[in-house]
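Going left to right, the sequence shown walks through residues 1 to 1225 as UniProt numbering numbers them. Take a look at the structure set out below.
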Amino acid sequence: MSTTLESQPAAASDAAPGESLESRPPRGAAGTSNSWLAALASLRLTVTLFALAIFLVFVGTLAQKDHDVWYVVEQNYFRVWVATVEWQTFVRLVEMFTKAETPPITGGFLFPGGKLIGVVMFANLLAAHAVRFKVAAKGTRLAWGSVLLAGGVAATAAVLATGLDTSLVGQLSPEFCDGLWQTLRAALAGVALVGAYMTMQKYGHLRPAEWWLLAAFNAVLLGLAGYLFAYPTVAPDDAGMRIVWQLTKCGGAALLCLAGCWVVFRQRAGIVLLHAGIGLLMVGELVTDLAAVEGVMSIPEGGAVNYAEDIRHVELAIVTDEADAQRVTVVPQNVLAKAAASGEVVSHPDLPFDLRVVRFDENSLLAPPMAVNENPATVGAGLERVAITSKSVSGVAVSAGVNRPSAYVEPIDKQTGESLGVWLVSASFMPMDGGGGTSLLPQTIDVDGTPYEVDLRFKRLYKDYSVTLTDFRFDRYAGTNVPKNFQSDIVLSDPSRDVERPVKIWMNNPLRYAGDTIYQQSFDEVTERSTVLQVVTNGGWMIPYVSCVLVGLGMLTHFSLTLTRFARRRVEEANRLAAKSETRSDAGPSLLSAEAWAQPIVWAPALAALLTVGYLGSKTRPAVDEPGAMAVERFGALPVAEGGRIKPIDTLARTTLQAISARQEVLPAEKGEPRVSAITWLLDTISARKGWDTHRVFRIESLELLDALGLPPRQGSFRYSYAEVMKDPSVLGGQVDQALARRREIAAAQAQGRPAEPLSLVQEQTLGLADKVSLLHQLASAFGEPRIDGDSEEAVRQQLLEAQARGEQLGKSGAVRVVPPTEPTGEWTTLYQSNLANLMRLVMKQPLEPAGAAWSDALTAYARGDAAQFADELTDIEAAVEKYQRSLEATPEALAGLAGSERLDTGAVRFEHFFSHFSPFYYCAAMYLLAFVLTACGWLGQGSWSRALGRAALAVIVVTLCVHTFALVGRIYISGRPPVTNLYSSAVFIGWAAVLFGVAFEAIYKLSVGSAVASVLGFATLVVAHYLSLDGDTYTVLSAVLDTQFWLATHVVCVTLGYSTTFLAGFLGAGYLIAACGPRLWGGASRLDKRAGDQLVRMIYGTLCFALLFSFVGTVLGGLWADDSWGRFWGWDPKENGALIIVLWNALVLHARWGRMIGPVGLSALAVGGNIVTTWSWFGVNELGVGLHAYGASESNTATMLLFFAASQLVVIALATLRPRIKSV
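Here you go:
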């Protein structure tokens, strides 16, 4: 039996949209099949290279578990001709799923390296244009086209040349930014108006579904333009406008290139342009490899530095004074490592002595001499410190640190050959309690009476200019350790260019000068008074900007032509069907007639939509308190400050209970008792109301831990109260102490590179339970009152000091702050701090702070069950909150000093309270599931009822999509951010986009396939979002490097749309395989006829085109963001690599289809493979635990779920081995 995955060609009638002669090899190419150029231009070679690149990027990502990113990039995988793929990388993949260490495996196998694959891919690209892309213009048209192309190339070169500017380049002027923004707004409005005019001109010339989709798109453009004119303050900040200006310049050059390509190559202009952009991007990576130099400047306040340090390499510096200068001779790291491995003596005329390297450690820590049995050092600092070999750092994250080498070196007198002793030199330090450490100072070696200072230091890159740090500012979100902003005020001095200028550098706002770009990278976390600046020299930094615009514009042009041809064919098909109709009665009765409404196909979807609106609308009723009862829901809407943002206290209750109990309500202890809401539980706890400690909130599933605590297994809930868990605090304390001791042993072993058994399951659960108890203690303390009851003045003074220390500790620990400030420049405080301050005011006979006093009285009233007083105190709290908001709005300078999440907006707080009660995503998931059931019933039915159920399903999906959209916009309003900022919001957005595309497909094709994939993906992604929400607050604040609206609205949204469309294509492919090949398992015929199969293939193809567009543009925009943040367009971080794999996979599938290497079944199977690739990029790379985007999911069952999902997709792909029997119609 042959398989269609590889061998079945695509018949002409099966061609997907866009698979016209423009995208296939010309017939003339067959005559040159024996030439080397035709072989090099082969699409089969292209697909093979894509596959090799995907595998290389995948194993290179896994290798970062054992090696730092620079070893992976520079020495063994990406920037080498031949790579050695280590077997150990696959061991790491297994460990990711088993969560257990596996004995290491040595060895590996050779594989084409990144350089080899890149060079062949570039040659393949050039050869393809030489063979297949012929000039379509002649005569005057060709001449004008050549002029336009030459102008476009010149404009592109001019844009690239701006990256070579050596003058002082900072921010754009406010006037220029405003003018640019006004121009762009006007341009968008013009495009929207022209689009609206053209849409109206197309009325009656397109099928209704296509016309309404086009009208909807133009309505979005008009709405966006209107919004930008109505709210001019939404303009990007100056940093964002700088990027907009770069892209605008690139866009102008790209449009000129496109005009020339259109004249010369006509309808193949888009392909030529995008391939030019791809080629330019490859050149950019080559330029970076050959010419880019990176280093860091670590500068304390008041200090000045004229060099950067390459923290990837060290050098042994030997310094001596000569007259009024210093003579420095350095021995590079590779020479030291080679000499240590070979035992050879390093000798050079510039060295004052020969050098034997006794030992070289790539990474190390310093320790006291008693830490080792034998100390190699015989003189110098090595007698007081020893080097302990440590495991090399892995990944690319700053938190992973850098390798800090040490060496034992033995200088040898050149004249006598006598040893000058064995010296310890090190770039490492000895850790100190509380952070930081002590390092070795340069040591003096005397040779023939001449002193030489010897020091192992990071490689220095000296500059013509110096940077002086005058001030460093580091701001955190209130009550958190998350950096809100850190910036350096510097003075740039360059006498050679007569430059002496103060400059501000902060995150995503670099300074470009003298061919260098200086970025704010990090800071000294111990002192918080020193800055770390990244200094990058890369003359090709503008290349990715140009490439992104060229490829994006080229893809958009080509796919727009594809859609135009598709729409034209649809209209022609509709006209042919209309011509066959003999009478007008074929159109059926009018929708307004009683005859029409008697048919199920009309009333069923209307009824389904009405019921869905009624059901979802009933869930929007706000929660209200019963008359005379405790105003618990009103209390839940009070604003508090926690986690760096202002939120309703109801949200705090839900997330806290979720963290402790894995639920947002407390289950009753006895049957028949009501469940306790999260806000009621919180009120009981913080007010110490009688019975608060009997709520069963701690989930304990370990039978061993239960036995140690003396608790009986409680089947079903496995939940226990605080009174039960803390009946004897010493029992839990003893278990915690043992687990912490074991954790310290593991950390010490890992620091020294020794294997260590991980914590046992019961130890992990013990520490988890201790964290939950600590969280409850912190919560209760934040609302507590200081105990000042000493019987002497000294005792009272001591209790006051302890209370003040406790208040400061609560403020720094992230405890919830509920008392608003009385001044606009003040900070929110915990109730404990407010109670302490009011106690002092009471002693000094001063008026009490009203908000804090009202909070304290409200909790007292609640504890004793006084509903009336509780309501009165809530009124006072609300008045204090409103007063603070008014004062804040009247003080612009105070408002400007707060992050958006820290600004009080009572309207947004009340909306979030309503939103939490509504839980729209939960009910949307239920409705999507119902829609899928209706769709499946429609497939099983026959006649008019089959179509009626299909349309009813579509009606349910459309109404649910509206609510889904409302919920998405609601999250944007609450957070003040673009739709995607974390994993949770990405799941919500992916589902929304998939449903939107699915509805569009259903409107066009009416096969119920669009409804099926929309409902399945909508339900699945919202279920994923639900489980992601279990980690806590889903509106997390963003650290300084991520706090940029521009990149969140462009890069993140584009990449997420790439995820969504790749998933959509994969699920469409799964549907094709199940319907076409699945019945072959029992010998049946395909459930698809020829027409439905062809249309489904067109859906898959069109979706993959959009997936490639979104994923490529989004990925490159992410690289531009990285370049704008720390000067490295592509850092080979695991998350970046995952996005690159998606781009390569989608390109592989499309090129395989264009090259007729796969037919409909093969296309579907590879599209399903895209589900695995996308899931790996979305979640899998996070599980590795390395890199900038390692979200620490190692404690969850995410890896297991990934494994099951991948296995299910492989089962679906296996159906491709069964030849389908598709019915012809």
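Just so you know, even glycine gets a beta-carbon here, dropped at the ideal spot from N, CA and C. Just so we're clear, the structure is a prediction, and the values are computed from it rather than from any experiment.
Hey, could you find the ends of the beta strand (DSSP E) residue i is sitting in?
| i | result |
| --- | --- |
| W87 | W87 -> no beta strand (DSSP E), and no H or E assigned at all. |
| A304 | A304 to E322 |
| R356 | D354 to D361 |
| N485 | P483 to D494 |
| M542 | That residue, M542, is in no beta strand (DSSP E); it is neither H nor E in DSSP. |
| R327 | A325 to P332 |
| G108 | G108 to P112 |
Between the options, which lies nearest to residue i when the distance is taken from Cα to Cα?
| i | options | result |
| --- | --- | --- |
| V1013 | A1025, Y1027, S1029 and L996 | L996 |
| G900 | Q1045, L800, A805 and D684 | Q1045 |
| L222 | A186, D237, G204 and L256 | A186 |
| K249 | G628, A387, T233 and A154 | A154 |
| D471 | I505, D455, G343 and D498 | I505 |
| A1070 | I646, K772, L1096 and L172 | L1096 |
| E1183 | P236, T98, K619 and F429 | T98 |
| S547 | L274, L1073 and A669 | L274 |
| L351 | I412, P405, N373 and P369 | I412 |
| H695 | A708, L709 and R663 | R663 |
| E633 | D524, T620, A598 and A678 | A678 |
| D446 | L440, K463 and L420 | L420 |
| V296 | Q534, K812 and Q715 | Q534 |
| T531 | V697, R359 and P300 | P300 |
Report yes if the CB atom of residue i is closer than 9 Å to the CB atom of residue j, and no otherwise.
| i | j | result |
| --- | --- | --- |
| A953 | S1015 | yes |
| K484 | D876 | no |
| P824 | Y884 | yes |
| G643 | Y477 | yes |
| G1119 | F1110 | no |
| A235 | A127 | no |
| D361 | S390 | yes |
| P510 | G1131 | no |
| D684 | S916 | no |
| F265 | F458 | no |
| residue 1227 | L732 | Since the first residue of the chain shown is 1 and the last is 1225, residue 1227 is not available in this structure. |
Between which two residues does the alpha helix (DSSP H) holding residue i run?
| i | result |
| --- | --- |
| A851 | P850 to R864 |
| W36 | W36 to L40 |
| W262 | D238 to F265 |
| R1219 | That residue, R1219, is in no alpha helix (DSSP H); it is neither H nor E in DSSP. |
| T389 | Counting along the chain, T389 falls outside any alpha helix (DSSP H), though it belongs to the beta strand (DSSP E) covering V386 to T389. |
| L1024 | One point to set straight first is that residue 1024 is Val, not Leu, in the sequence displayed. Element bounds for V1024: V1009 to S1029. |
| T480 | Segment: none, T480 is in no alpha helix (DSSP H) and carries neither H nor E. |
| D876 | A867 to E889 |
Can you pull the DSSP bridge partners for residue i?
| i | result |
| --- | --- |
| T825 | In the DSSP output, where bridge partners are listed per residue, T825 has none listed. |
| M297 | L533 |
| D178 | Beta-bridge pairing links D178 to no other residue. |
| M430 | T438 |
| L469 | I490 |
Practice prompt. For the segment 701 to 711 and the segment 758 to 773, state whether three or more C-beta atom pairs, one from each stretch, are separated by less than 8 Å.
Written response: Inter-segment contact for the segment 701 to 711 and the segment 758 to 773 is present: three or more beta-carbon pairs are separated by less than 8 Å.
Discussion item. I want to know whether the segment 967 to 978 touches the segment 1055 to 1062 - three or more CB-CB distances under 8 Å.
Written reply: No, the segment 967 to 978 does not touch the segment 1055 to 1062.
Worksheet item: Is there contact between the segment 119 to 126 and the segment 275 to 294, where contact requires at least three CB pairs shorter than 8 Å?
Response: Contact between the segment 119 to 126 and the segment 275 to 294 is present, because at least three Cβ pairs lie under 8 Å.
Worksheet item: Per the contact definition of three or more C-beta pairs closer than 8 Å, is the segment 854 to 864 in contact with the segment 788 to 800?
Response: No, the segment 788 to 800 is not in contact with the segment 854 to 864.
Worksheet item: Would the segment 507 to 522 and the segment 486 to 496 be scored as touching if the rule is three or more Cβ pairs under 8 Å?
Response: Touching, yes, given that three or more Cβ pairs across the two stretches are closer than 8 Å.
Worksheet item: Touch check for the segment 317 to 330 and the segment 300 to 309: three-plus C-beta pairs under 8 Å?
Response: Counting C-beta pairs closer than 8 Å gives fewer than three between the segment 317 to 330 and the segment 300 to 309, which falls short of the contact rule.
Worksheet item: Between the segment 106 to 117 and the segment 72 to 89, do at least 3 Cβ pairs fall closer than 8 Å?
Response: Flag = yes, the segment 106 to 117 and the segment 72 to 89 touch.
Worksheet item: Given 8 Å as the limit, is there contact between the segment 773 to 786 and the segment 722 to 735, that is, 3 or more CB pairs closer than that?
Response: By the Cβ test, the segment 773 to 786 is in contact with the segment 722 to 735, since at least three Cβ pairs between them sit closer than 8 Å.
Worksheet item: Touching or not, the segment 929 to 949 and the segment 665 to 685, by the rule of three or more beta carbon pairs under 8 Å?
Response: No, the segment 929 to 949 does not touch the segment 665 to 685.
Practice prompt. Flag this pair as touching only if the segment 883 to 897 and the segment 953 to 969 have three or more C-beta atom pairs under 8 Å; answer yes or no.
Written response: Three or more beta-carbon pairs separated by less than 8 Å are not found between the segment 883 to 897 and the segment 953 to 969, which leaves the two stretches without contact.
Worksheet item: Can we say the segment 923 to 937 touches the segment 1018 to 1029, given the rule of at least three CB pairs closer than 8 Å?
Response: Contact annotation: the segment 923 to 937 touches the segment 1018 to 1029, with at least three C-beta pairs closer than 8 Å.
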